[in-house]
Structure formats: structure tokens, C-alpha cells
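Let me begin by presenting the structure, written as C-alpha cells, before commenting on it.
2 protein chains.
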Amino acid sequence: MTRHDPLKGIVSELSKLPGIGLKSAQRLAFHMLAQTQESLTELVRSIEDVRDHVKLCQRCFHLTYDEDECVLCQDTRRNGSTLCVVSDSRDVIALEKMGRFRGLYHVLGGVIAPLDGVGPDKLHIRELLERLKTEPISEIIFALSPSVEGETTTMYLTRLLKPLDLKLYQIAYGIPMGGELEWVDEMTLGRAFDGRRAL
Amino acid sequence: MTRHDPLKGIVSELSKLPGIGLKSAQRLAFHMLAQTQESLTELVRSIEDVRDHVKLCQRCFHLTYDEDECVLCQDTRRNGSTLCVVSDSRDVIALEKMGRFRGLYHVLGGVIAPLDGVGPDKLHIRELLERLKTEPISEIIFALSPSVEGETTTMYLTRLLKPLDLKLYQIAYGIPMGGELEWVDEMTLGRAFDGRRAL
Numbered sequence: 428m429t430r431h432d433p434l435k436g437i438v439s440e441l442s443k444l445p446g447i448g449l450k451s452a453q454r455l456a457f458h459m460l461a462q463t464q465e466s467l468t469e470l471v472r473s474i475e476d477v478r479d480h481v482k483l484c485q486r487c488f489h490l491t492y493d494e495d496e497c498v499l500c501q502d503t504r505r506n507g508s509t510l511c512v513v514s515d516s517r518d519v520i521a522l523e524k525m526g527r528f529r530g531l532y533h534v535l536g537g538v539i540a541p542l543d544g545v546g547p548d549k550l551h552i553r554e555l556l557e558r559l560k561t562e563p564i565s566e567i568i569f570a571l572s573p574s575v576e577g578e579t580t581t582m583y584l585t586r587l588l589k590p591l592d593l594k595l596y597q598i599a600y601g602i603p604m605g606g607e608l609e610w611v612d613e614m615t616l617g618r619a620f621d622g623r624r625a626l
Numbered sequence: 428m429t430r431h432d433p434l435k436g437i438v439s440e441l442s443k444l445p446g447i448g449l450k451s452a453q454r455l456a457f458h459m460l461a462q463t464q465e466s467l468t469e470l471v472r473s474i475e476d477v478r479d480h481v482k483l484c485q486r487c488f489h490l491t492y493d494e495d496e497c498v499l500c501q502d503t504r505r506n507g508s509t510l511c512v513v514s515d516s517r518d519v520i521a522l523e524k525m526g527r528f529r530g531l532y533h534v535l536g537g538v539i540a541p542l543d544g545v546g547p548d549k550l551h552i553r554e555l556l557e558r559l560k561t562e563p564i565s566e567i568i569f570a571l572s573p574s575v576e577g578e579t580t581t582m583y584l585t586r587l588l589k590p591l592d593l594k595l596y597q598i599a600y601g602i603p604m605g606g607e608l609e610w611v612d613e614m615t616l617g618r619a620f621d622g623r624r625a626l
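Those sequence lines, one after another, are chains W and F. For the first sequence, the residue numbers in this note's numbering are 428 to 626. For the second sequence, the residue numbers in this note's numbering are 428 to 626.
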């Protein structure tokens, strides 16, 4: 914090965030300056909340608040025999917004991308196999983005799980090719779920 | 904070910031989730710093850190007979980066904009007149953006100060018309300072 520019600290912190350059950071800093102390306290609290309380579910790797298992895994009304495999927690949030799927999830934490150094060992695949041993899962729906990496991952997992006695599905590509799952509207996601085909 | 979406709180807080929609807020939230506790603590601290320590200089209305007068006003090496009148603290920061001006500043806190309900009474003009009574100011340089509002404000102040025994200047419009002062590069700002003309 230089005395000369009292906003230097906040501007430098904000410009570390993705998609925020120096000028945007300055604009945000001046915006904050114009806010009430209460509203800045709210913002601070929400960041501290993420820092101190949000972690990953030990079962499906979706986000959880303070607890070891997320609310979805804990919800006994959900159908524990169907598992939807996604890349990211964002995808769980998108699919839950759609509201048509009532099974459980498994978040891989990414997709296989050799060029980025992401092999199957970096994803939560080992934990998926564990779950298949201990949970009464009979059906798996792959809901990965239709990119090269997403399709590769679906294919890899299909081959891995084929020997097991499971019904394997992939959501239908109502999703435009090259698109990202999290950006798709609920209607399209719903259609993709309906049109799932056996693998 | 719903248990269902542990990021709901932070996403809602972030999307209150200017230029940040829901999707960007979600992207920022996931970015924060991937950061270390230390780096989030840094971010929190910088926001608390703005909330608790940054205020306005009681003399020139530039930003100050904890003190009543900003470092520029306190700097006895600066020339107290020349005053540069700007709209905003951002402009002071931009002009200080240029580094050619060694006088003091007066931040109006905006420009006269009747359509937005900003009359002369909403700006720090009364305080400017006070300073002219108590400080040995002999020269004023107006450095307001060349917009309709900026020019109106310069004209208004010129008429107001004309009766006093002061040299009045306006920075030259090397600055492109319609542009905002804070976005101009240092070279152009420097030329604008050199080419100031008597009013």
C-alpha cells in the first residue's frame, strides 16, 4: 500500500483475477470506494466463506459447504442407482438447474487432455471405480462437453467400464459441437438428457 | 448461502460489481476456489483496506490513506501557487504518472451535468473558493475531460473565478474529443499540459 496511490493494493489484487486487467481493476476499486462499509463487508465475508468453508465432497467431488458429503449425495430421495459423470462442478449446477435428473453425480475434475498434461490419473476415475464397487449403481450417464477431450474421456471410460455389468449412456448432442456444457440453456440440456443413447 | 450451491453467496456478491454478470461472477468464484487460502486472504485484506482506511483528503479531495490530508497536499516540495482542477481522483493518478506537474490538485468530485442532476452545489466548488482565500494560489489549470459536461464546468468555473486576480489555464486538447482523461497515455497528457492556453 503506497501512500501515494492508496488503491494500489486493491488494484493489484483485483487484476490477478481472470479477465480483469489493470483498468478494469481500477474501475472496480473506485466502485468499491463508493460503496457502503456494509456492502464491502458482505463482499469480504463471501470471499472468506469460499476460503474457509467450501470444499469438495468426498464422495462425488462436487462442492460442499463445511460437510464431508454434499447435499446431493446426502439426499436420500435421489436415485442412487443412476450416476451422471461430469467434468466440473459447474456442470452439476447447470444440470441441477435443468431439474430433470434425480440420480447422483460424479465430478471427474476435468477431462483427459494429453496436450495439457491431464491424463486419466489426474481425474477422479479411481474414486469412480471405488464407488461402483460399494454403491448400488446400475446406470451411468456421461454428460461431458462434446469436445475432442470430452469425447476422448467418454470413450476411455466406456472402454474401462464395459466389462462391468452396467448400462452406459451418453447425453444426446443437442448441444452444439465445440460448445461448453455450462453455457447451454436448460431446454437444450433437457433434450440432450432425453435423447441419451446406449453405448 | 444455500447448501445446494455453496458458491451462490460469492456469485451474488461478485455480480453486483460493475461489468460483471452472473457467468463472469461464477468464473471468478471458481477461480477463487482454486486459489490458496493465503491469496484469498490477500484479496480480502485489500478490500478491507479500502473499506477501513481509504478516505478523501480534507483539502483537495484526492484519496488519502488514514490521514486527513493526502501525501500530495503534505508534500512541501510541491508548488503551492499552482492548482490543477480535475474531476476525479483517477485523473490525479493519471497526471501524477505523467510526472510533469508539480503543483497541487483540487478534485471536484465530478463535472456539472444537469441531465444527471449534478449541479455546481454537488461538486467541491465551495471548498475550492475557500482554498483560494486561505492558500497562496495564483494560477489555476483546468484539466477536465473535453466532453460537453467537462467544458461546461470549465466555463462555469472560469466565469466564477474571473473577478479574482488569478491566472487561469486550460490544458490543451491534444486529448481526442469525447475521450476520457484517465484513458489517455502519458505523452499526450504531457503535450496537453505544455500547450495550455490562457482563458
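We put the beta carbon where it would ideally sit given N, CA and C, even for glycine.
Have a look at the options and flag the residue whose alpha-carbon is nearest the alpha-carbon of residue i.
{"i": "D384 of chain W", "options": "W:G526, W:I437, W:I447, W:H458", "result": "Residue 384 of chain W is absent from the structure shown; chain W starts at 428 and stops at 626."}
{"i": "Q462 of chain W", "options": "F:I474, F:Q464, F:A456", "result": "F:I474"}
{"i": "L616 of chain W", "options": "W:D592, W:D543, W:T561, W:A570", "result": "W:A570"}
{"i": "D432 of chain W", "options": "F:E465, F:D502, F:D476, F:I520", "result": "F:I520"}
{"i": "E554 of chain W", "options": "W:S574, W:Y532, W:V477", "result": "W:Y532"}
{"i": "C497 of chain W", "options": "W:F528, W:S516, W:M582, W:A540", "result": "W:S516"}
{"i": "V538 of chain W", "options": "W:N506, W:Y583, W:K560, W:K594", "result": "W:Y583"}
{"i": "D543 of chain F", "options": "F:V575, F:P445, F:L522", "result": "F:V575"}
{"i": "V477 of chain F", "options": "F:L467, F:T491, F:D502, F:Q464", "result": "F:T491"}
{"i": "T579 of chain F", "options": "F:L499, F:I598, F:P547", "result": "F:P547"}
{"i": "D563 of chain W", "options": "W:C500, W:L591, W:S508, W:K549", "result": "Residue 563 of chain W is actually Pro in this sequence, not Asp. If we check each option's Cα against that of P563 of chain W, W:S508 comes out closest."}
{"i": "P573 of chain F", "options": "F:F528, F:V513, F:L559", "result": "F:V513"}
{"i": "T561 of chain W", "options": "W:R486, W:K549, W:D518", "result": "W:R486"}
{"i": "E465 of chain W", "options": "F:D479, F:F528, F:E465", "result": "F:D479"}
{"i": "P541 of chain F", "options": "F:G577, F:E523, F:F528, F:K524", "result": "F:G577"}
{"i": "E607 of chain F", "options": "F:D592, F:G436, F:L559, F:L522", "result": "F:L522"}
{"i": "L593 of chain F", "options": "F:I568, F:Q501, F:T581, F:A599", "result": "F:I568"}
{"i": "A599 of chain F", "options": "F:D495, F:A619, F:R505", "result": "F:A619"}
Are the CB atoms of residue j and residue i within a distance shorter than 8 Å?
{"i": "A456 of chain W", "j": "V471 of chain W", "result": "no"}
{"i": "H489 of chain W", "j": "V534 of chain W", "result": "yes"}
{"i": "E469 of chain F", "j": "E440 of chain W", "result": "yes"}
{"i": "P445 of chain W", "j": "H551 of chain F", "result": "no"}
{"i": "G536 of chain W", "j": "C511 of chain W", "result": "no"}
{"i": "V481 of chain F", "j": "L449 of chain W", "result": "no"}
{"i": "E557 of chain W", "j": "Y596 of chain W", "result": "no"}
{"i": "L559 of chain W", "j": "L591 of chain W", "result": "yes"}
{"i": "E609 of chain F", "j": "D518 of chain F", "result": "yes"}
From what residue to what residue does the alpha helix (DSSP H) around residue i run?
{"i": "L444 of chain W", "result": "It is not in any alpha helix (DSSP H) - L444 of chain W carries neither H nor E in the DSSP assignment."}
For the ligand ADP, is there any heavy atom lying closer than 7 Å to the beta carbon of residue i?
{"i": "D493 of chain W", "result": "Looking for the ligand ADP in the displayed structure turns up nothing, as the structure carries no ligands at all."}
Within the stretch 457-534 of chain W, ranges of the alpha helix (DSSP H) (whole runs, at least 4 residues): DSSP runs (the alpha helix (DSSP H)) wholly in the stretch 457-534 of chain W: 464-480, 498-501, 516-525.
Inside the stretch 547-593 of chain F only - alpha helix (DSSP H) runs reaching at least 4 residues: Runs found: 552-561, 575-588.
Residues in the stretch 553-584 of chain F having any Cβ partner in chain W nearer than 9 Å: Within the stretch 553-584 of chain F, no residue qualifies.
Residues, ordered as in the chain, of the stretch 510-534 of chain W that lie near chain F by beta-carbon distance below 7 Å: When CB distances to chain F are screened at a threshold of 7 Å, the residues of the stretch 510-534 of chain W falling below it are R517, I520, in chain order.
Near-chain F residues of the stretch 499-510 of chain W - C-beta to any C-beta below 7 Å: Identification of residues in the stretch 499-510 of chain W having a C-beta nearer than 7 Å to some C-beta of chain F yields an empty set.
Contacting positions in the stretch 584-599 of chain F - beta carbon closer than 8 Å to chain W: Of all residues in the stretch 584-599 of chain F, none comes within less than 8 Å of chain W when Cβ atoms are compared.
Within 9 Å of chain W by C-beta, residues of the stretch 443-457 of chain F in sequence order: Result list: K443, L444, P445, G446, I447, K450, S451, Q453, R454, L455, A456, F457.
Residues in the stretch 430-441 of chain F having any Cβ partner in chain W nearer than 7 Å: Listed by position, the residues of the stretch 430-441 of chain F near chain W (Cβ gap below 7 Å) are R430, H431, D432, P433, L434, G436, I437, E440.
Interface positions of the stretch 464-478 of chain F facing chain W (Cβ-Cβ less than 9 Å), listed along the chain: Cβ contacts with chain W: Q464, S466, L467, T468, E469, L470, V471, R472, S473, I474, E475, D476, V477, R478.
Chain-ordered residues of the stretch 482-497 of chain W with a beta carbon less than 7 Å from chain F: If you check each beta-carbon in the stretch 482-497 of chain W against every beta-carbon of chain F, the ones closer than 7 Å belong to L490, T491, Y492.
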